[in-house]
Structures are given as structure tokens and as C-alpha cells.
Amino acid sequence: MPAKGISAALRTQAENNRNTAANAAYYASHRRKIMDLVDKLSPNPADRIMVFGAGNANDLELSALCRKFKEVHLVDWDAAALQGALAKTGTTHQQIFLHGGIDLSEPKARSGLPTGMDMVLSTCLFSQITARIQTGKQSTTQALAAILTAREDHFQFMVNIAKPAGSVLFISDLISSDTVPDLAQIPAITLRERMEKLIEQGNFFTGLKPRPLLQMLMCKQKFRERIAQVTFVDPWRWQLSEKRSYLVYGIHFKKI
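Take any residue in the sequence shown, count from 1 to its spot, add 365: that is its number in my numbering.
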């Protein structure tokens, strides 16, 4: 995608961050789910965590992360959103490290990030990357190829950042209430079944269907030789605002 297009897309994301900065209350159940997963799936002991796409950190409990980890690294292109997230904690939290202004889809931009993390967490970032690709001036076939390449790259980079025996948790939104108006009313117990039906109907974000992702991680040699214990985390609902919600799922694995 042309650099100019990327810049426009990133500016849009920054604007979205401004618009949702005060929405932490809506995120409550989504945030609780993520923190429960971090608590359950992180190694013990665990010294360092890196969060991709941290943004406003509305989906994180930063104080809880600071109690669990000696270092909390937050990465996002939107440096102002990261600063705002830190300010909301009401303290400096010297163990929180902000890595702002970094486009994680660009190898050169992310090359200076620290490695050796006990846990790497990607929080609903990759759907933003795919949306950015789809807004570029290219054919549908070219966009899909670019998304699949970016997807492999995103997972490889998460593995690279983790230390041996480290834990990697990929969380992604898959479906929006824009195309499923009753999403907020679907009983939690039936979300997995509804997700499968929506996928069959082709109602999902391009490049984020769980099954091909799981197959990639378990079958491609570049991943099979480096990771183990690949598991799918059943879907849950993320309430972004009063009128918009998403169906979200997770994939977890360990670095060998």
C-alpha cells in the first residue's frame, strides 16, 4: 500500500482512539476476559510482557499487569493514546514502558523493540492491519495475498519477541454488529455456534477466520518447529460502545 494511504489509515485509527478513550466502562467484560486469560496462560514466574496494539489500554488492567510482571511493554502507533492510558492509572508505574509511534506491520519500524518476553499479547490489532490493506489501491486478489503475507509476518514477529517457553496470546475481533445487528443479544453459551454459522455465510473479517490460522500454526514448518500447544480460545463479546460490539476469539501457544 502507498505510504500516503498508510498514513491516512493510521490517522483514522488515532481518531478512533480519541473517540473511544472514555469508553472503558463498556469494555468491562472484555477487559476481564483478557486479564483472566493473561493470568491463566502466562508462565509462572513471568517477568516481562509486551502488548501489541495497546492503544488506550481500555482492554487492560495496567495496575494488575504491574503486579504480575516486572516489566510491562505497551506498543502502538498512537503514542498519545499510550500516554493517555498511563495517565489514567494515576501513577508513573516505572515498570511500564511505552513504545509509541511504531507501526507493527513495518519490520523496520519495529526492529528496535526489546525481545525475550515471557508473554506476548496481540489485542485486536491485526484486524486494523487488514482493514488498512483493504483500503489500498489494489485488486481484491492482491489485497488478499497481502493480508495472508502480513498474517504470517505478524505471528512470526510475536514468536520472535517471546523467549523460549514464553507464552503468546493472539486476540482478534472477527465479526461486527455492523453486519450482525443482534450480536449484543446473542447468549454467551451460543456464541461459538453462531460464530461457525456466520463464518459459513462468509460474514467475518478477511484473513481472520480461525481455522486457517490454526492450520497455519500447526502445519507450516516455520511455525511447527518453533511453537507448541496451539489452542483455540472460544469466542466472547466485546462491547466497544453503546451501539457497536464485536465477536472476539483467541489463539494461544507456547514458544519452544
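Backbone N, C-alpha and C define an ideal beta-carbon position, used for all residues, glycine too.
Quantities reported herein were computed from a predicted structural model and do not represent experimental measurements.
Fully enclosed alpha helix (DSSP H) runs of no fewer than 4 residues occupy 427-433 and 444-453 of the stretch 401-453, in order along the chain. Rounded to whole angstroms, Ser537 and Thr505 show a C-alpha spacing of 22 Å.
A distance of 8 Å or more separates the beta carbons of Met482 and Met400. Contact between the stretch 598-606 and the stretch 390-397 is present, with at least three C-beta pairs closer than 8 Å.
Under the three-pair Cβ rule at 8 Å, the stretch 567-578 counts as touching the stretch 491-499. Using a Cβ distance threshold of 8 Å, Ala422 and Leu406 do not count as a contacting pair.
Setting aside the 5 residues that flank it on each side, Ile512 is surrounded in the same chain by Thr495, Ile498, Thr571 and Gly572, each with a C-beta closer than 7 Å to its C-beta; the list follows chain order. In the three-state DSSP reduction, Arg591 falls in the coil class, being neither helix nor strand. As a beta-bridge residue in DSSP terms, Arg602 pairs with Leu612. The Cβ neighbour count for Met560, taken over all protein chains shown within 10 Å, is at least 16; the residue is labelled buried.
Straight-line spacing of the CA atoms in Ser428 and Glu380 works out to 26 Å.
About 12 Å separates the beta carbon of Phe535 from that of Phe588, a gap too long to meet the 8 Å contact definition. Judged by DSSP secondary structure, Asp518 falls outside any beta strand (DSSP E) and instead within the alpha helix (DSSP H) spanning Thr505 to Ile526. Per DSSP, Ser492 is not a residue of any beta strand (DSSP E); the alpha helix (DSSP H) it occupies stretches across Phe491 to Gln499. Secondary structure at His458: coil, using DSSP grouped into helix, strand and coil. Of all alpha-carbon atoms in Leu463, Arg576 and Cys584, the one lying nearest the alpha-carbon of Ala419 is that of Leu463. Rounded to whole angstroms, the separation of the alpha carbons of Lys435 and Lys619 is 20 Å.
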